[in-house]
Amino acid sequence: MASVPSLASTVQQRLADALSAALPEAGSADPLLRRSDRADFQANGILALAKKLKGNPRELATKVVEALPADDVLKEVEVSGPGFLNITVSDRAIVDTLAARAADDRLGVPYAQEPGTTVVDYAQPNVAKEMHVGHLRSAVIGDAMVQILEFAGEKVVRRHHIGDWGTQFGMLIQYLIEHPHELDHKADTGDTQASGEEAMSNLNRLYKASRALFDSDEEFKARARDRVVLLQSGDPETIRLWQRFVDESKIYFYSVFDKLDMEVRDPDVVGESGYNDMLDETCRLLEESGVAVRSEGALCVFFDDVKGPDGKPVPLIVRKSNGGYGYAATDLSAIRDRVQKLGADTLLYVVDARQSLHFKMVFETARRAGWLGDGVKAVQLAFGTVLGKDGKPFKTREGETVRLVDLLDEAIERASAVVREKSEGLPEAERLTEEEIAERGTQVGIGAIKYADLSTSASRDYKFDLDQMVSLNGDTSVYLQYAYARIRSIVRKSGDAEPVAHPELELAPAERALGLHLDRFGETLTEVAASYEPHRLAAYLYQLASLYTTFYAECPVLKAPTPEQVENRLFLCDLTARTLRQGMALLGIRTPERL
1 MASVPSLAST VQQRLADALS AALPEAGSAD PLLRRSDRAD FQANGILALA KKLKGNPREL
61 ATKVVEALPA DDVLKEVEVS GPGFLNITVS DRAIVDTLAA RAADDRLGVP YAQEPGTTVV
121 DYAQPNVAKE MHVGHLRSAV IGDAMVQILE FAGEKVVRRH HIGDWGTQFG MLIQYLIEHP
181 HELDHKADTG DTQASGEEAM SNLNRLYKAS RALFDSDEEF KARARDRVVL LQSGDPETIR
241 LWQRFVDESK IYFYSVFDKL DMEVRDPDVV GESGYNDMLD ETCRLLEESG VAVRSEGALC
301 VFFDDVKGPD GKPVPLIVRK SNGGYGYAAT DLSAIRDRVQ KLGADTLLYV VDARQSLHFK
361 MVFETARRAG WLGDGVKAVQ LAFGTVLGKD GKPFKTREGE TVRLVDLLDE AIERASAVVR
421 EKSEGLPEAE RLTEEEIAER GTQVGIGAIK YADLSTSASR DYKFDLDQMV SLNGDTSVYL
481 QYAYARIRSI VRKSGDAEPV AHPELELAPA ERALGLHLDR FGETLTEVAA SYEPHRLAAY
541 LYQLASLYTT FYAECPVLKA PTPEQVENRL FLCDLTARTL RQGMALLGIR TPERL
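As structure tokens, then:
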């Protein structure tokens, strides 16, 4: 089905037509329509137009009002102040538009007008290292943007640029050669989480032991350094053992992403090693084109506006003086691959704000080299730091970085307690079983962590406060999940009554407010997909749940005065539930039918 025009776009079109009819000399002027507290909408464009036409704005506004057609959409248009138009739409227009949305699987949300191909680089753990709280935001924000862009009709290529190359692998591989059973697993039980924990335990043990030997034994250190050379030159046995580390780490990564309720697919994991074969050519092309120059033996790119504290230029080092490649060489090779082979016209990097200067320099270098042409944009969706309740970077009591899996487990435990307590307050027939409490606790706990992250502007730091995150009150996912479950409960109790739209009915103020907000879903998603700001979708959903709470308090649904009102209110309930469910799914959060 085609997308459903929002009330805002319908009113905008009515006003534009009236402007052209009343003031032909104005050409195609923009009415500058916006939502308003005084009416449903306000048009401010006539003020600027009056200045251009040297006319009286109130007189011009009156002419435009007189040129508006009499129809079912506009209930009242009032000239206000120096020439604003305050516009109230009819109840019929609200219900008709919502009925059209309800008839569509996509709730009338339009596809992007000119969809392209976006590569999203997110969730980038390091091989042979534990995932910690610092890995959370890239994964959660990136996954939400993937869902939102795909829903908008964009072709999305996911990329997990894992850290799987570097000098530390010489140490790890050499230790594994000398202690060949360190990565062996016990019998496979098929339990993803248990396998993941065992994999990480093996890797941690091996990393600590190899590091201790490297630091204390000069002969081992020499053998480890020789092993790096063998790795970089592609020695088959060394590569085979390196692959064991990658595979073992993936068992662990996937168990964590599984707990985060995120789909990470093997073909999408293309680590630093995936671009090794391109590094030499990338450097050659940069040097031949003059984009990069040799400085003190290293291959560097310089920028007029990037200087150190001493006032000297700080370069982007593409190749070090010892011949080794820096991160820049890999990132520039990845840009070449993503634009030239994958056909991307947008590159979206969900990366910590502390790497902003690096990416600014990389993007500028790629532009100078011609790899980011006019039709291609590269964007860093930079995110802030996760802080503890004290406002300082989140650490354990011992001052260590918090393991991500421990954080997720604690959230699930807290949420399960909230779900259990709420369930125990219900009549016995409606209480959840232990199995249901465990399942809902997981959905609520993981949802709470994701929503706390996504409801904060990505660029800001945010405080990690589990007590607040799993609260039933305030701007939390639990509040939204309970709003959804409450609606599903009403629909289950509705008996023979069906959700049916009745455009002929007059709407109560709470019904109007809810209806007008439901109609904004499509335009909100379009804005979020264009600006890469998932917090705006979270804000929309929280306001939707709040407006529903007011509606629920003021407008009895199953005890409404007439059968038509019961049906119409059930219709509003049903559309609210579907919108909440779809919006939450795009944020990667589940909405249980019963809570």
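Taking full-length UniProt numbering, the leading residue of the sequence shown gets 1, the next gets one more, and so forth.
The C-beta atom is built at its ideal place from N, Cα and C for all residues, glycine as well.
Note that the coordinates shown come from a computational prediction; the quantities given were computed from them, not determined experimentally.
C-alpha gap between residue 623 and L347, whole angstroms: Nothing can be reported for residue 623: it is not among the residues displayed for the chain, which extend from 1 to 595.
Sub-8 Å separation of P592 and R440 beta-carbons: yes
Cβ separation of P509 and C573, assumed to be a contact under 8 Å, to the nearest whole Å: About 17 Å; that fails the 8 Å criterion.
Straight-line gap, V120 to Y349 (C-alpha atoms, nearest Å): 6 Å
8 Å Cβ cutoff met for L231 and G170: yes
Residues sharing a beta bridge with K463, DSSP: L387
Segment limits, beta strand (DSSP E) that includes D30: Here D30 belongs to no beta strand (DSSP E), and DSSP marks it neither H nor E.
Exposure label - P82; buried when at least 16 CB within 10 Å: exposed
Contact check, V351 vs W371, beta carbons under 8 Å: no
DSSP three-state assignment for E25, whether helix, strand or coil: helix
Bridge partner(s) assigned by DSSP for G196: In the DSSP output, where bridge partners are listed per residue, G196 has none listed.
Exposure label - N568; buried when at least 16 CB within 10 Å: buried
A103, buried or exposed, once every other Cβ within 10 Å from all chains shown has been counted against 16: exposed
C-beta contact flag for L74 and L68 at 8 Å: yes
Beta-carbon proximity list for S494, same chain, < 7 Å, skipping 5 on both sides: L558 and L570
Beta-carbon proximity check, V405 vs V246, cutoff 8 Å: no
Three-state secondary structure assigned by DSSP to N86: strand
Rounded straight-line distance, which links the Cα of D72 to that of S90: 7 Å
Anticipated Cβ contact below 8 Å, D261 with I446, distance rounded: 5 Å
is_contact[L176, chain D] using C-beta, thresh 8 Å: Note that chain D does not occur in the displayed structure, where there is just one protein chain.
Residue of L279, V318 and G153 minimising C-alpha distance to E296: V318
Span separating the alpha-carbon of L544 from that of A513: 10 Å
Inter-stretch contact (C-beta, 8 Å, three-pair minimum) for the stretch 216-229 and the stretch 85-101: no
Closest by C-alpha distance to A144, when choosing among T282, A529 and H160: A529
Stretch-stretch touch, CB-based, cutoff 8 Å, three pairs: the stretch 147-156 with the stretch 281-292: no
Exposed unless 16 or more other CB atoms sit within 10 angstroms - verdict on E421: exposed
Residue from D191, S28 and Q174 whose Cα sits closest to the Cα of D226: Q174
Separation of A411 from E400, as counted between CA atoms: 19 Å
V4 in three-state terms, based on DSSP: coil
Buried versus exposed call for V386 [16 or more other C-beta atoms within 10 Å across all chains shown]: buried
Option in S138, E263 and T330 with minimal Cα separation from Y275: T330
A577 versus G474: straight-line alpha-carbon distance, rounded: 19 Å
Own chain residues within Cβ distance below 7 Å of L517, not counting five before or after: For the sequence presented, residue 517 should be read as His rather than Leu. So the list reads Q543, L544 and L547, once near-sequence residues are dropped.
For A344 and G375, the rounded distance between their alpha carbons: 10 Å
Cβ neighbour criterion (16 or more within 10 Å) applied to T396: exposed
Ranges of the alpha helix (DSSP H) found wholly within the stretch 339-427, counting only runs of at least 4: 356-369 and 404-424
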